[in-house]
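S.K.:
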Amino acid sequence: MDALQFSRKEVRYVAAMAASRLKPGAGASVGPLKLTQIDPPELPGDGWEHVTTRLAGICGSDLATIDGHASRYFEALVSFPFIPGHEVVGETADGTRVVLEPVLGPETRGEVPAWPGAAQADGNDYGHLASGTLEPGLQTGSCASTGGGWSEIFAAHESQLHPVADELTDEAAVMIEPAAAGIHAALRGNVPDGGTVAVIGAGTMGLTAIAALRKFTKVDAIVVAARYPHQHKTARLLGADLTVVPDELGRAIRRAAGTRVIGSTLGSGVDVLIDAVGSSNSLTDAIAFTRPRGRVVLLGMPNQVDMNLTALWHRETELVGAYCYGTEHGHGDSHTFELATEMVAEFDLGRLVSELYPLSEYRTAIEHAAQAGPRGLIKIAFDLRATT
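Here my numbering = 1-based position in the sequence shown + 460.
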């Protein structure tokens, strides 16, 4: 079968890092990602089955890996060679369309889940991620045992698969996983009724968080920092009340809150701020623009950051991570994927899929995904339906 395989080749990884500084996405041309022919992965045991990929998205964490910017934190949670791709809609042997919940939870490794019916990422112990019956791997798409969505066929455990309703297109279905991440971040914000929220970043993750805030919280006003015209338009369509360029976010929040300025920090600010970028600058702004004793939710995957945390300490700001999804206890113990399926249909999030490419055009696809903002794009995905 055709597959995009990422190998442990240090020299090529360094080359990708250097090339991507000049041109985002260039790591696909010079790095250790290669289109190859391999056999489908062997099924690791009971409860596993092969899934034929239909669409597979390209996300920010994929791009960070390919361009050589992934955090070294993940070194113990990856096994080589792996096949990327965790935003996936596929088809099982009996013809059922499914979306993948990519986190490799305890059940996938032959261990007991946190509780009966727990989601993959639920629980307080992640030790299973590097043990059990599989090679180390945080999720499908970084584990040598399972394969990933950037291939014709991958292996998945029955606990990872969610059936797709007939009325959803493949383009809508491939948005369920990123939508679930946006919902989880919005709910991690614990937004007070009638509260104000700001979102930094209006790529896929920021946009899904905006929709989630509107649907699943009782937020009053949402202010969004977006760079490009199509991001401003889409953010407003999904529920933002005000969109501004990033340099104007502080001024917009200051006017809305009617507060004073203390140096580069506002006296007050929004109740909750969702950072969908995860850089030193965005985190610094997030803390500065959130009211004292407010909450900052880190949705964008960070790497090494360099910032002054004095304001976090002084303002008693809560900084929480929002890695993926799980059981949302404040919403009837629903699985985030259930909520995401509902939101994708209601907000027509399939329209965020801007371009589809065959695996053979992976270099172009990855370059366009890495440069999505300036190109007027949002979500790029691989289309493998012609090979099925």
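The beta carbon of each residue, even a glycine, is placed where N, CA and C say it ideally should be. If you're wondering where the values come from, they're calculated on a predicted model, not measured in any experiment.
(1) Work out the CA separation of residue 655 and residue 648 for me, nearest whole Å.
(2) Measure the C-alpha to C-alpha separation of residue 794 and residue 833 and round it to an integer number of angstroms.
(3) Whether or not the segment 614 to 624 and the segment 781 to 788 are in contact is what I'm after, with contact meaning three or more pairs of Cβ atoms, one per stretch, closer than 8 angstroms; do they touch?
(4) How long is the line joining the alpha carbons of residue 636 and residue 671, rounded to whole angstroms?
(5) When burial is assigned at 16 or more other CB atoms within 10 Å of the CB, is residue 464 buried or exposed?
(6) Identify the continuous alpha helix (DSSP H) that holds residue 805 and give its terminal residues.
(7) Could you check the C-alpha separation between residue 575 and residue 539 for me, to the nearest Å?
(8) Where does residue 676 fall in DSSP's three states?
(9) Measure how close the beta-carbons of residue 619 and residue 568 come, nearest whole angstrom, since I'm counting them as under 8 angstroms.
(10) Report the rounded CA-to-CA distance for residue 819 versus residue 773, giving the unit in angstroms.
(11) In whole angstroms, give me the CA-to-CA distance for residue 801 and residue 723.
(12) Helix or strand or just coil, what does DSSP make of residue 913?
(13) Is the Cβ-Cβ distance between residue 695 and residue 684 less than 7 angstroms?
(14) Look up residue 791 in the DSSP assignment and say whether it is helix, strand or coil.
(15) In chain order, what residues of the same chain have a beta carbon less than 8 angstroms from the beta carbon of residue 850, not counting five sequence neighbours either side?
(16) What span of residues does the alpha helix (DSSP H) with residue 865 cover, start to end?
(17) Output yes or no for whether 7 angstroms exceeds the beta carbon distance between residue 549 and residue 633.
(18) Tell me whether the beta-carbon of residue 518 lies closer than 7 angstroms to the beta-carbon of residue 664.
(19) Just curious, the alpha helix (DSSP H) that residue 691 is in, first and last residue?
(20) Grab me the residues of residue 700's own chain with a C-beta within less than 6 angstroms of its C-beta, minus the 5 sequence neighbours each way, in chain order.
(21) Tell me the DSSP secondary structure of residue 850 in three-state form.
(22) When you compare the CB positions of residue 651 and residue 624, do they come within less than 7 angstroms of one another, or not?
(23) Classify residue 593: buried if its beta carbon has 16 or more other beta carbons within 10 angstroms, exposed otherwise.
(24) Indicate the three-state DSSP secondary structure (helix, strand or coil) for residue 626 in the structure shown.
M.R.: For this structure:
(1) Your numbering for residue 648 matches position 188 in the sequence shown. Your numbering for residue 655 matches position 195 in the sequence shown. Each residue's alpha carbon lies about 14 angstroms from the other.
(2) Within the sequence shown, numbered from 1, the residue matching residue 794 stands at position 334. Within the sequence shown, numbered from 1, the residue matching residue 833 stands at position 373. Cα-Cα distance, rounded: 33 angstroms.
(3) For the pair of segments examined, the segment 781 to 788 was found not to touch the segment 614 to 624: the number of CB pairs separated by less than 8 angstroms stays below three.
(4) Walking along the sequence shown from the start, residue 636 turns up at place 176. Walking along the sequence shown from the start, residue 671 turns up at place 211. In this structure, the alpha-carbon of residue 636 lies about 13 angstroms from that of residue 671.
(5) By one-based count along the sequence shown, residue 464 stands at place 4. Note on residue 464: 16 or more other CB atoms within 10 angstroms of its CB, so buried under the neighbour-count rule.
(6) On the sequence shown, residue 805 is found 345 positions in, with the first residue counted as 1. Element bounds for residue 805: 796 to 807.
(7) For the purposes of this step, residue 575 is identified with residue 115 of the sequence shown, where counting begins at 1. For the purposes of this step, residue 539 is identified with residue 79 of the sequence shown, where counting begins at 1. When rounded, the distance between both Cα atoms is 27 angstroms.
(8) Taking the sequence shown and counting its residues from 1, the one referred to as residue 676 is at position 216. Residue 676 carries a helical assignment under DSSP once its states are collapsed to helix, strand and coil.
(9) Locating residue 619 in the sequence shown gives position 159, counting from the first residue. Locating residue 568 in the sequence shown gives position 108, counting from the first residue. That pair is a contact at about 7 angstroms.
(10) Within the sequence shown, numbered from 1, the residue matching residue 819 stands at position 359. Within the sequence shown, numbered from 1, the residue matching residue 773 stands at position 313. C-alpha separation (whole angstroms): 47 angstroms.
(11) By one-based count along the sequence shown, residue 801 stands at place 341. By one-based count along the sequence shown, residue 723 stands at place 263. Each residue's alpha carbon lies about 44 angstroms from the other.
(12) No answer is possible for residue 913: it lies beyond the span of the chain, which begins at 461 and ends at 848.
(13) Within the sequence shown, the letter at position 235 stands for residue 695. Within the sequence shown, the letter at position 224 stands for residue 684. Their beta carbons are under 7 angstroms apart, which means residue 695 touches residue 684 by this criterion.
(14) In the sequence shown, the residue the question calls residue 791 occupies position 331. Helix at residue 791.
(15) Only positions 461 to 848 of the chain appear in the structure, and residue 850 is not among them; the question remains open.
(16) One cannot answer for residue 865 here, as it falls past the ends of the chain, which runs 461 to 848.
(17) As a working mapping, residue 549 is identified with position 89 in the sequence shown. As a working mapping, residue 633 is identified with position 173 in the sequence shown. It is a contact, given that the beta carbons lie within the stated cut-off.
(18) Reading the sequence shown from its first residue, position 58 is the one you call residue 518. Reading the sequence shown from its first residue, position 204 is the one you call residue 664. Cβ distance not < 7 angstroms, so residue 518 and residue 664 don't count as in contact.
(19) Mapped onto the sequence shown, residue 691 falls at position 231. Here the alpha helix (DSSP H) through residue 691 covers 689 to 697.
(20) The residue you call residue 700 lines up with position 240 of the sequence shown. A distance below 6 angstroms between beta-carbons, with the five flanking residues on each side excluded, links residue 700 to the following residues of its chain, in chain order: 670, 682, 684.
(21) Because the chain in this structure spans residues 461 to 848, residue 850 falls outside the shown range and cannot be described.
(22) Start at 1 with the first residue of the sequence shown, and residue 651 comes out as number 191. Start at 1 with the first residue of the sequence shown, and residue 624 comes out as number 164. Judged by beta-carbon spacing, residue 624 lies beyond the 7 angstroms limit of residue 651, meaning their Cβ atoms are not closer than that value.
(23) What you label residue 593 is simply residue 133 of the sequence shown in a count that begins at 1. By the neighbour-count criterion, in which 16 or more other beta carbons inside 10 Å mark a residue as buried, residue 593 falls on the exposed side.
(24) Sequence index remark: in the sequence shown, residue 626 carries index 166 (1-based). In this structure, residue 626 counts as coil in the three-state DSSP scheme.
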